[in-house]
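Using the working numbering, you'd call the opening residue of the sequence shown number 2 and step up by one each time.
Here's the structure, in structure tokens; my notes come after.
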Amino acid sequence: MDTQQYGSEQIEESALDKAIRYLQQQKLMTGELLYKEPKHTLSLSNQEHEVLQQIQKTEPILQATDQINTSKSIPPISIHKKFIMPTRKTALFEQSPEWMNAPDLPVLYEQIHTCLNCALGATRTKFVFGVGNPNADIMIIGEAPGADEDAQGEPFVGAAGQLLTKILAAIGIAREEVYIANIIKCRPPGNRRPEKSETEQCEPYLMKQIELVQPKFILAVGLTAANTLLKSENKMADIRGKLIDYHGITMIVTYHPAALLRNPSWKQATWEDVQLLQKLYVESKVV
Ligand code: SF4
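Structure follows, in structure tokens:
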């Protein structure tokens, strides 16, 4: 018997239950099962054996990742410390410092939603602030709003957003449980990648959001989001699946859901990354 945490409930789980839950999660996230039943009919015990083999194939990935993290001196979650927004020399800090003292997210929104500090302000339909639990333990950070987000004023509501919601559901986390935001609050025309000057202008707003939410974990989706936060030029292969210390917050980087829609072969890697997040999240609840 194994145990699984669902909210405050701890449920005893047999190997077969675990196998069924794994396949259900896979189906939720990918729309298909990774395990394909052979043409010939297996007995129940053989089926169970095959399914468990499939599960065992995924578990060493987590162990391998843990080893990588340990060797890089990643601080344990228990030393999570209060995130204080770092200040930088940008027009935002020079022109309207009052938003830096916003006591909560609604006040911050009121202070910044008319921002025109970069060219994207002139072409947006709606300012896309962020959405979700203001006290979330998990913050999901993407790159910038797309067309649907620009129209609705909410991040991750288009096809990619729906996939993100499915991915979260697959690891037992409701969309409302997390806080979701982007580095950039206004849509770049034609969904082009934000320019460095634009991310530099807008990122301090995100920092303030992080300071107000105080998440234990950040899931950075997409390389632009990750490299902007980390001030790096990493490749996805170098940083995904690892625990990264982001000013005392444990960060995991994975593919952007929009990239998964274009490249379904990246779903397995994403699945491993979010399983790692789930593992840490569940563990943080019982510490
Ligand atoms: S993208 Fe950011 S900095 Fe640029 S106008 Fe919008 S809110 Fe302001």
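Glycine is no exception: its CB is placed at the ideal position from the N, C-alpha and C atoms.
Taking methionine 140 as reference, the option from Phe84, Ser233, Ile240 and Lys236 with the minimal CA-CA separation is Phe84. For threonine 255, the uninterrupted beta strand (DSSP E) segment begins and ends at 250-255. Taken from the Cβ of leucine 261, every heavy atom of the ligand SF4 lies 6 Å or farther away. By the C-beta density criterion, lysine 268 is buried, having at least 16 other C-beta atoms within 10 angstroms.
CA-to-CA, the gap between valine 179 and glycine 159 works out to about 18 Å. For the set Gly249, Ile250, Gly223 and His248, the Cα lying nearest the Cα of aspartate 239 is the one of Gly223. In this structure the stretch 212-226 lies against the stretch 238-258, because at least three pairs of beta carbons, one per stretch, are closer than 8 Å. It is roughly 30 Å from the alpha-carbon of leucine 117 to the alpha-carbon of isoleucine 250. Residue nearest to methionine 86 within the set Glu204, Asn136, Cys187 and Lys127 is Glu204 (criterion: CA-CA distance). If you check the C-beta of isoleucine 142 against the ligand SF4, you find no heavy atom less than 6 Å away.
The DSSP-derived three-state label of aspartate 151 is helix. Not one heavy atom of the ligand SF4 falls within 6 Å of the beta-carbon of glycine 159. Non-local C-beta neighbours of proline 195 in its own chain, meaning closer than 6 Å and more than five positions away in sequence, comprise Ala145, Ile185 and Pro189, ordered along the chain. Put simply, of Asn264, Lys217, Gly173 and Arg193 the residue whose alpha carbon is nearest the alpha carbon of asparagine 136 is Lys217. For glutamine 112, the distance from the CB to the nearest heavy atom of the ligand SF4 is not below 6 Å. By DSSP's assignment, isoleucine 139 forms a beta bridge with Phe218.
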